[in-house]
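Read through the structure below, which is laid out as C-alpha cells, and then see the notes.
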Amino acid sequence: MIIEITGSYLLPCSPQTAWQALNDTEVLKSCLKGCEALERTAENEFTGKVAAKIGPVSARFSGTMRQTELDPPRSCRMQFEGQGGVAGFAKGGALVTLTPQDGGTELTYVADTQIGGKLAQMGARLVEGTAKSMADDFFGKFAAAVAAMEPEAGPVAAPAQDAPSDEQTSGTPAWLVPAVLIVIAAMAAVAVFFH
Amino acid sequence: MYELAYSRPASLADALALLAEDEGAQAISGGQTLMPVLRARLAMPSRLVDLLKLPELTGIRTVDGGVEIGAATTHADVAASAEVRAALPALADLAGGIGDPAIRHRGTIGGSIANNDPAACYPSALLALGASITTSQRTVAAEDFFTGMFSTALEPGEIVTAVRLPACQRARYIKFRNPASRFALVGAFAAQLPSGTRIAITGGGHGVFRWREAEAHLDSGGTIDAITEDMLDLAHFTGDLHGSAEYRHHIAAVIVRRALSALA
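Top line first, the protein sequences correspond to chains A and B.
Note that this note's numbering has the first sequence beginning at 139, numbered continuously upward.
Note that this note's numbering has the second sequence beginning at 425, numbered continuously upward.
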C-alpha cells in the first residue's frame, strides 16, 4: 500500500544554514532518535541504520538512499528504500524544500512510501500519528541545533555570503529526514498487527 | 521465537536486579501483547523476567476510600472481585469485557497499563477516575502516567506494582468493540467524581485522552443531548481498515452520551 506523508516546520535560521545542517551527518544523527549509523557510500548514495522501539516491538531498519535532483539551498528530491527484516520494507520518494520565511526558513517535505511485508497487513493505522511525533521530536532537536549553528547577531538575511559552493553541498543526505521518518512510521503499524 | 532465557524471580527486588543487570532483559506479565510480538519475531529480548508470581504485585485490597489492585491481578480476578464490585462496579464490568476468557485469565492490569496500547480498556478508567499508579520507585498520577501511544512515564527497569482507584458508584464504561479482537474501536469511560464529571476516551489512535470540552459543558450545567462531536477535536483520531478517523470521531460522541446517560 502507498502512504503519503507531508509536513512543514519553521526553522530559526537561514536556508543556507538549514541546508548545511541537513548535509551534516553528525547533526542528523544526533537529532534522530535511535540512529546508529549514517554514512556516505558513494557520491550520491548513503546508508543508515535506525533502531526503533514502539511499545513491545523493536526493530532495526537499514536503509539506502539516493538523491536524484539537487537545487541548493532550495530543494532536493530523493529515492529511498528501507529493510526491517520480518517487519517488512518501505520504499519511496520525497521532495524537501526550504523557503525563507519570517526571518527563518520553512522546511516542507512531501513523501510517498510503499510498504510491504507485515507492515502492509496493518493498514495505515497509527502511521500518521507516529510520523508526526517522530517528526516533532526530530525537528525540535534540529531547530535547536541550527539555532546554535547560526552566526551570532545580524539579520538572518545577509544574503549569500559566498553561498557554499555547489561542490561542497552536493551529496546532501537531506532526504534522510523524511526517509527515516517514514521507515519508523511504517514500523509503528507493525505494533498493532495483532489488533 | 528466538532462544532466550527465562526467569521467575521470587521477589520484586530480585526482578529489579535481573532487569538492571541485563539491558536486553524484558519484563513480562500476562504476555498478551508481548507473546504475539515474540512469536512474530518483532522483538528479541535476551531474557524474560516473569512478574506474575511476585508477592508485591498480587492481591486486591480495600483501602481508605477505594481499592488497591496488585499489578499482576488478571482481568478475570478483577471482574470477579467482591471488593472491586462493591467499590467500583464499572471497573469490574470493564475487566469482564476485555478480550475473551483466555485473555482475561492471563492478561493483567499492570501489563495493560504498562503497555498502554492505544485501544486498551483500562487506561480510560484510570484516567477518568484519577487513579494513582504505584511503581517500584514512586507513585504517579494517571494523568502523568499515560504519555501517548504505547508510551508511559515508566523508566527502563521500573515496574508497576499496584493501581489505586477511588470508590465511585456513578461510573460507566461503554466500548464499541472490534468484534474479532474485542479491542476498543472506541471506548468511553465516564465518571461523576466529587470534583466534577470526567470523561476519558480510548481507541482514538494516539492514546487515551480526556474530553475536557464535554466535561466543562456538563459541569457548567449543559445537557447530555447537547454533546456532539463538534466539541471533540478530530485530531485525536486516526483511521485504519476497521474504521476511518471520522467514523471513530462520531462513534466516540455517541458512546460518551450513552455512558453519561447511564450515570444519571
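Just so it is clear, CB atoms sit at the ideal spot from N, CA and C, and this is done for glycine as well.
Residue i - partner residues in DSSP beta bridges
{"i": "Ser200 (chain A)", "result": "A:Lys187 and A:Gln221"}
{"i": "Asp664 (chain B)", "result": "B:Gly667"}
{"i": "Met216 (chain A)", "result": "A:Gln205 and A:Ala232"}
{"i": "Tyr247 (chain A)", "result": "A:Gly145 and A:Val234"}
{"i": "Phe570 (chain B)", "result": "B:Thr576"}
{"i": "Ala586 (chain B)", "result": "B:Gly494 and B:Thr558"}
{"i": "Gly629 (chain B)", "result": "B:Phe661"}
{"i": "Val564 (chain B)", "result": "B:Ile557"}
{"i": "Ala612 (chain B)", "result": "B:Ile598 and B:Ile625"}
{"i": "Ile484 (chain B)", "result": "B:Ile493"}
{"i": "Val461 (chain B)", "result": "In the DSSP output, where bridge partners are listed per residue, Val461 (chain B) has none listed."}
{"i": "Ile192 (chain A)", "result": "A:Val195"}
Partners in chain B for residue i, counting only beta-carbon separations shorter than 7 angstroms
{"i": "Pro194 (chain A)", "result": "Thr457, Leu458, Val461, Ala467 and Asn539"}
C-beta atoms of residue i and residue j nearer than 8 angstroms
{"i": "Ile533 (chain B)", "j": "Val502 (chain B)", "result": "yes"}
{"i": "Ala504 (chain B)", "j": "Arg471 (chain B)", "result": "no"}
{"i": "Asn539 (chain B)", "j": "Gly631 (chain B)", "result": "no"}
{"i": "His709 (chain B)", "j": "Gly455 (chain B)", "result": "Summary: the structure shown does not reach residue 709 (chain B), with chain B confined to residues 425 through 688, and so no result is reported for it."}
{"i": "Leu551 (chain B)", "j": "Arg485 (chain B)", "result": "no"}
{"i": "Ile651 (chain B)", "j": "Ala677 (chain B)", "result": "yes"}
{"i": "Leu148 (chain A)", "j": "Gln239 (chain A)", "result": "yes"}
{"i": "Ala543 (chain B)", "j": "Gly627 (chain B)", "result": "yes"}
{"i": "Ala228 (chain A)", "j": "Ile192 (chain A)", "result": "no"}
{"i": "Ala733 (chain B)", "j": "Ala591 (chain B)", "result": "Past the edges of chain B, shown from 425 to 688, lies residue 733 (chain B), and the structure says nothing about it."}
{"i": "Cys545 (chain B)", "j": "Ile522 (chain B)", "result": "yes"}
{"i": "Glu637 (chain B)", "j": "Leu658 (chain B)", "result": "no"}
{"i": "Ala612 (chain B)", "j": "Val680 (chain B)", "result": "yes"}
{"i": "Asp250 (chain A)", "j": "Glu142 (chain A)", "result": "yes"}
{"i": "Glu582 (chain B)", "j": "Ser556 (chain B)", "result": "no"}
{"i": "Thr144 (chain A)", "j": "Val224 (chain A)", "result": "no"}
{"i": "Leu236 (chain A)", "j": "Ser213 (chain A)", "result": "yes"}
DSSP-derived helix/strand/coil call for residue i
{"i": "Thr155 (chain A)", "result": "helix"}
{"i": "Gly230 (chain A)", "result": "strand"}
{"i": "Leu236 (chain A)", "result": "strand"}
{"i": "Arg594 (chain B)", "result": "coil"}
{"i": "Lys171 (chain A)", "result": "coil"}
{"i": "Ser536 (chain B)", "result": "helix"}
{"i": "Glu177 (chain A)", "result": "strand"}
{"i": "Gly520 (chain B)", "result": "helix"}
{"i": "Ser431 (chain B)", "result": "strand"}
{"i": "Val473 (chain B)", "result": "strand"}
{"i": "Glu492 (chain B)", "result": "strand"}
{"i": "Arg636 (chain B)", "result": "helix"}
{"i": "Thr163 (chain A)", "result": "helix"}
{"i": "Pro302 (chain A)", "result": "Note that Pro302 (chain A) has pLDDT 39, beneath the 50 cutoff, so the model's placement of it is unreliable and the number below is only indicative. Pro302 (chain A) falls in the coil class under three-state DSSP."}
{"i": "Ile648 (chain B)", "result": "coil"}
{"i": "Gly241 (chain A)", "result": "coil"}
{"i": "Gly254 (chain A)", "result": "strand"}
{"i": "Ala514 (chain B)", "result": "helix"}
{"i": "Leu550 (chain B)", "result": "helix"}
{"i": "Phe607 (chain B)", "result": "coil"}
{"i": "Ala686 (chain B)", "result": "helix"}
{"i": "Leu617 (chain B)", "result": "strand"}
{"i": "Ala543 (chain B)", "result": "coil"}
{"i": "Arg622 (chain B)", "result": "strand"}
{"i": "Gly454 (chain B)", "result": "coil"}
{"i": "Ala449 (chain B)", "result": "strand"}
{"i": "Gly531 (chain B)", "result": "coil"}
{"i": "Glu288 (chain A)", "result": "coil"}
{"i": "Gly581 (chain B)", "result": "coil"}
{"i": "Ala500 (chain B)", "result": "helix"}
{"i": "Val680 (chain B)", "result": "helix"}
{"i": "Pro150 (chain A)", "result": "coil"}
{"i": "Ala439 (chain B)", "result": "helix"}
{"i": "Ala282 (chain A)", "result": "helix"}
{"i": "Pro211 (chain A)", "result": "coil"}
Within chain B, partners of residue i - CB distance below 8 angstroms
{"i": "Val248 (chain A)", "result": "Those within 8 angstroms of Val248 (chain A) in chain B number zero; the least Cβ separation is about 20 angstroms."}
{"i": "Val224 (chain A)", "result": "Ala464, Arg465 and Leu466"}
Per-residue contacts from residue i into chain B (C-beta, under 9 angstroms)
{"i": "Ala197 (chain A)", "result": "Leu466 and Ala467"}
Discussion item. Below 8 angstroms, how does it come out for the stretch 570 to 580 of chain B and the stretch 634 to 642 of chain B: are there three or more Cβ pairs, yes or no?
Written reply: no
Item to complete: Count the C-beta pairs between the stretch 553 to 572 of chain B and the stretch 587 to 599 of chain B that are closer than 8 angstroms, then say yes if the count reaches three, no if not.
Response: yes
Worksheet item: Touching or not, the stretch 491 to 505 of chain B and the stretch 431 to 442 of chain B, by the rule of three or more beta carbon pairs under 8 angstroms?
Response: no
Item to complete: Count the CB pairs spanning the stretch 460 to 476 of chain B and the stretch 193 to 202 of chain A that are closer than 8 angstroms, and state whether there are at least three.
Response: yes
Worksheet item: For the 8 angstroms Cβ check, are there 3 or more pairs between the stretch 150 to 157 of chain A and the stretch 165 to 182 of chain A?
Response: no
Discussion item. Measuring CB atoms only, is the stretch 210 to 223 of chain A touching the stretch 601 to 610 of chain B, in the sense that at least three cross pairs come out at less than 8 angstroms?
Written reply: no
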